[in-house]
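Step one of this worksheet: look at the structure below.
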Amino acid sequence: MKTLDIILQVVEYKSLDELSEEEQNLVERAIDAAQNAYAPYSGFRVGASVLLDNGVVIIGNNQENAAYPSGLCAERVALFAAGAQYPEVPVVAMAIVAINNGQVTNSPVTPCGACRQVMIETEVRFEHPIKLILYGKENILVVDSARKLLPLSFTSAKLKP
Ligand code: THU
Numbered sequence: 006m007k008t009l010d011i012i013l014q015v016v017e018y019k020s021l022d023e024l025s026e027e028e029q030n031l032v033e034r035a036i037d038a039a040q041n042a043y044a045p046y047s048g049f050r051v052g053a054s055v056l057l058d059n060g061v062v063i064i065g066n067n068q069e070n071a072a073y074p075s076g077l078c079a080e081r082v083a084l085f086a087a088g089a090q091y092p093e094v095p096v097v098a099m100a101i102v103a104i105n106n107g108q109v110t111n112s113p114v115t116p117c118g119a120c121r122q123v124m125i126e127t128e129v130r131f132e133h134p135i136k137l138i139l140y141g142k143e144n145i146l147v148v149d150s151a152r153k154l155l156p157l158s159f160t161s162a163k164l165k166p
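Residue numbers (this note's numbering): 6 to 166.
Written out as structure tokens, the structure is:
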């Protein structure tokens, strides 16, 4: 028997101007997207912006529903929209922002497990890591691949006989 340690490396920034211009733009687009979320039930507005390898940015925001489970998170709205519009183009980065009580949250929003699973599917699909920028007013967390946020994940490789 042995214990395996799985180490997650996350880079923390304290302000937006420490990021590249392209990353700052991605965060701004996510903030705009969060403002347009449809979140009448939770009041928790999430915005996601996805940067494609061709420079195009696709946005998504959470879309809630009176039948709660029928709603969808911002990250999946953005990734599925990107997949629908640019099925051949890899996703290279994604910024995620939340607005709670009318304010961008102080701490970064961290994506739910189902969204992490979809991010990993996208990475596997395009054989390209997705850099995640999780924005909060007081700190910003950057991970260079979604895969790192879901260790021991289930992927298509497991389906092979
Ligand atoms: N939500 C997202 O859109 N993304 C996240 O990363 C966390 C949660 C949404 C789902 C629901 O509409 C609301 O936030 C409260 O959970």
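We put the beta carbon where it would ideally sit given N, CA and C, even for glycine.
Can you tell which of the options has its C-alpha closest to the C-alpha of residue i?
i, options, result
"Tyr-91", "Glu-26, Leu-56, Gln-108, Glu-69", "Leu-56"
"Ile-135", "Leu-31, Gly-141, Val-15, Asp-149", "Asp-149"
"Val-82", "Val-32, Ser-54, Glu-93, Leu-13", "Ser-54"
"Met-99", "Ser-158, Asn-41, Val-147", "Val-147"
"Asp-117", "Asp-10, Ile-101, Tyr-46, Glu-93", "Correcting the residue identity first, residue 117 is Cys in this sequence and not Asp. The residue with the shortest Cα to Cα distance from Cys-117 is Ile-101."
"Leu-24", "Leu-139, Lys-163, Lys-153", "Leu-139"
"Val-114", "Phe-49, Arg-130, Thr-127", "Phe-49"
"Asn-41", "Ser-47, Asn-144, Gly-65, Leu-21", "Gly-65"
"Pro-156", "Ile-125, Asn-67, Ser-112, His-133", "Ile-125"
"Gln-68", "Gly-52, Val-61, Asn-59, Glu-17", "Gly-52"
"Lys-19", "Gln-122, Ser-112, Ala-151, Leu-13", "Ser-112"
Apply the 10 Å Cβ neighbour rule to residue i and answer buried if 16 or more other Cβ atoms are within range, or exposed otherwise.
i, result
"Cys-78", "buried"
"Met-6", "exposed"
"Arg-34", "buried"
"Ala-44", "buried"
"Thr-160", "exposed"
"Ala-87", "buried"
For residue i, which of helix, strand or coil comes out of DSSP?
i, result
"Leu-139", "strand"
"Glu-132", "coil"
"Val-16", "strand"
"Leu-146", "strand"
On the DSSP bridge assignment, give the partners of residue i in chain order.
i, result
"Tyr-43", "Gln-68"
May I ask whether a heavy atom of the ligand COA can be found less than 7 Å away from the beta carbon of residue i?
i, result
"Ala-44", "Absence of the ligand COA is noted for the structure shown, with the ligand THU being the only ligands found."
For this session: Note down, one range per segment and in chain order, each beta strand (DSSP E) of at least 3 residues found wholly within the stretch 53-129.
Result: 62-66, 96-105
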